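All residue numbers for the sequence shown refer to the UniProt record's numbering, where the first residue is 1 and numbers rise by one. Here's the structure we're looking at; comments come further down.
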Amino acid sequence: MINDKYKTLISYLKALGSVVVAFSGGVDSTFLLKAAKEALGEKTAALTVVSPYIPKWEIEEAKELVKTIGVRHEFLQVPVIMDEIKFNPEDRCYLCKKAIFTKISSFAKENGYKYVVDGTNFDDIKDYRPGLRALKELDIKSPLLQNELTKEEIRKLSKELGLKTWDKPPYACLLSRIPYGTEIKEEELRKIEKSERYLMDIGLKAVRVRAHGDLARIEVPKEDLDKLFNKELLSEVTQKLKSFGFKYVSLDMEGYRTGSLNETIEKGK
1 MINDKYKTLI SYLKALGSVV VAFSGGVDST FLLKAAKEAL GEKTAALTVV SPYIPKWEIE
61 EAKELVKTIG VRHEFLQVPV IMDEIKFNPE DRCYLCKKAI FTKISSFAKE NGYKYVVDGT
121 NFDDIKDYRP GLRALKELDI KSPLLQNELT KEEIRKLSKE LGLKTWDKPP YACLLSRIPY
181 GTEIKEEELR KIEKSERYLM DIGLKAVRVR AHGDLARIEV PKEDLDKLFN KELLSEVTQK
241 LKSFGFKYVS LDMEGYRTGS LNETIEKGK
């Protein structure tokens with residue numbers, strides 16, 4: 001069944017003729033890039049966004065992954081925080097994706113690629129994702145969504161294809177760590193980036209540091225909570241995050257969950 005979906009995906013991509021893959025280096029975009037290379041060969045390019053919202057280590061990982069797959073790799077520089085999203089509105093993802101994918105579409109057109117594709121998968125439509133509207137408006141193709149590939153299926157197929165991202169924890173841009181309606185400052189993003197990198201380096205895979213002003217709220221998977229219930233480690237983590245600029249450090253007892261800040265949005269809004 002999964003293999004049939006993969007064959008259908010390859011056929012879908014072949015029909016597009018040539019593509020630019022919006023490439024973050026995550027599970028979905030890496031799998032999509034690998035499939036696009038198989039379907040279209042040199043008619044495939046990867047484009048990675050470089051901005052204050054993306055951790056530097058993510059960019060470096062993306063570079064290495066594209067080298068392994070073997071396609072053209074370009075970078076879209078977004079050096080400043082855009083005015084439209086400066087105060088992190090609830091439709092931030094829509095505004096950001098509209099601006100960025102407009103630029104990616106221009107790159108594709110200027111370089112002779114027929115379509116821009118992204119790694120939205122079939123499970124993504126279950127969460128609050130205003131950015132999907134921007135993709136639809138700009139005619140960005142989402143092959144994984146169109147072919148109803150779920151995250152679990154993508155991970156299984158990635159493992160079969162030998163992609164080291166098959167078990168990579170989910171990640172999202174750093175703006176998702178800041179509550180809606182809060183002014184976005186680059187120094188705040190760097191605090192979050194340093195804090196999450198440190199927590200990953202001590203063995204916590206899927207981790208988020210949500211910033212509420214001077215307070216850092218750490219989310220880790222529930223099965224990892226017991227690792228932090230250690231006086232020495234708690235003290236070490238607290239002091240480290242304070243050294244990055246936070247005044248207070250807390251642990252979310254509900255554990256990590258995707259888009260926890262979306263819980264503050266009025267139901268149905």
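Positions of the beta carbon are idealized from the N, C-alpha and C atoms, including for glycine. On a predicted model such as this, the values are computed, not experimentally measured, just so you know.
Under the three-state DSSP convention, the category residue i falls into
{"i": "T48", "result": "strand"}
{"i": "Y12", "result": "helix"}
{"i": "residue 294", "result": "The structure shown has nothing for residue 294, since the chain only spans 1 to 269."}
{"i": "Y6", "result": "helix"}
{"i": "L95", "result": "helix"}
{"i": "R257", "result": "coil"}
{"i": "Y115", "result": "strand"}
{"i": "V209", "result": "strand"}
{"i": "V204", "result": "As written in the sequence, residue 204 is Leu, which differs from the Val given in the question. The answer is coil: DSSP assigns L204 none of H, G, I, E or B."}
{"i": "I81", "result": "coil"}
{"i": "G268", "result": "Low per-residue confidence applies at G268: pLDDT is 44, beneath 50, and the placement is therefore not dependable enough to give any value."}
{"i": "Y198", "result": "helix"}
{"i": "K86", "result": "coil"}
Whether residue i touches residue j by CB criterion (9 Å)
{"i": "R257", "j": "V209", "result": "no"}
{"i": "V117", "j": "K98", "result": "no"}
{"i": "F87", "j": "G181", "result": "yes"}
{"i": "V19", "j": "K114", "result": "yes"}
{"i": "K191", "j": "G245", "result": "yes"}
{"i": "C96", "j": "I85", "result": "yes"}
{"i": "A35", "j": "T48", "result": "no"}
{"i": "L241", "j": "Y53", "result": "no"}
{"i": "K109", "j": "V71", "result": "no"}
{"i": "E153", "j": "K5", "result": "yes"}
{"i": "E74", "j": "A39", "result": "no"}
{"i": "L32", "j": "V50", "result": "no"}
{"i": "Y12", "j": "N147", "result": "yes"}
Of the listed residues the options, nearest to residue i (C-alpha basis)
{"i": "T30", "options": "T120, L199 and M253", "result": "T120"}
{"i": "residue 271", "options": "L233, K247 and H212", "result": "As shown, the chain starts at 1 and ends at 269. That puts residue 271 outside it, with no answer to give."}
{"i": "E42", "options": "V50, P52, N3 and K14", "result": "K14"}
{"i": "L65", "options": "K205, E186 and G26", "result": "G26"}
{"i": "I218", "options": "S158, D83 and E254", "result": "E254"}
{"i": "V220", "options": "T238, L174, K67 and E196", "result": "E196"}
{"i": "E58", "options": "D224, L251 and E193", "result": "E193"}
{"i": "L151", "options": "F122, K126 and G162", "result": "Inspection of the sequence shows that residue 151 is occupied by Lys rather than by Leu. It is F122."}
{"i": "I69", "options": "I125, S158 and A172", "result": "S158"}
Boundaries (first-last residue) of the beta strand (DSSP E) holding residue i
{"i": "V19", "result": "V19 to A22"}
{"i": "L215", "result": "L215 to E219"}
{"i": "L251", "result": "Y248 to L251"}
Residue range of the alpha helix (DSSP H) that includes residue i
{"i": "F31", "result": "V27 to L40"}
{"i": "L225", "result": "L225 to L228"}
{"i": "E61", "result": "K56 to I69"}
{"i": "E232", "result": "K231 to S243"}
Within-9 Å CB hit, residue i to chain B
{"i": "P55", "result": "This model lacks chain B altogether; it includes just one protein chain."}
Extract the residue ranges of the alpha helix (DSSP H) inside the region 118–191, only unbroken runs of 4 or more that lie entirely within it. 131–137, 143–146 and 151–160
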